[in-house]
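Visitor:
In our numbering, the protein residues as written are 3 to 92.
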């Protein structure tokens, strides 16, 4: 169980690293779920097709990834096919 949890958190660390390396000139980033899956290296859970999965909730492992990287989810668009990330202001 611990190995599975570590593997799940690693994929979200990959997303955090991807977001963190975006140039400072980019303050919005639209990504399709396919693009996000490419970054994390595997399919997202089925719940990721719903806006509620993308809430900016620091208690959830996947949300902590983008929040820690300095981003938040502004909205999910396209009937659940893409996510808009917004760089957090200092």
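A virtual CB, placed ideally from N, CA and C, is assigned to each residue, including glycine.
Quick check on DSSP: helix, strand or coil for residue 62?
Guide: coil
Visitor: Give me, in chain order, the residues of the same chain whose beta-carbon lies closer than 6 Å to that of residue 30; leave out the 5 immediate sequence neighbours on both sides.
Guide: Hits under 6 Å: 88.
Visitor: Helix, strand or coil for residue 71 per DSSP?
Guide: coil
Visitor: Could you pull out every residue in the same chain whose Cβ sits closer than 8 Å to the Cβ of residue 42, ignoring the five residues on either side in sequence?
Guide: Setting aside the 5 residues that flank it on each side, residue 42 is surrounded in the same chain by 13, 14, 16, 17, each with a C-beta closer than 8 Å to its C-beta; the list follows chain order.
Visitor: Helix, strand or coil, according to DSSP, for residue 31 in the structure here?
Guide: Residue 31: strand per DSSP, three-state reduction.
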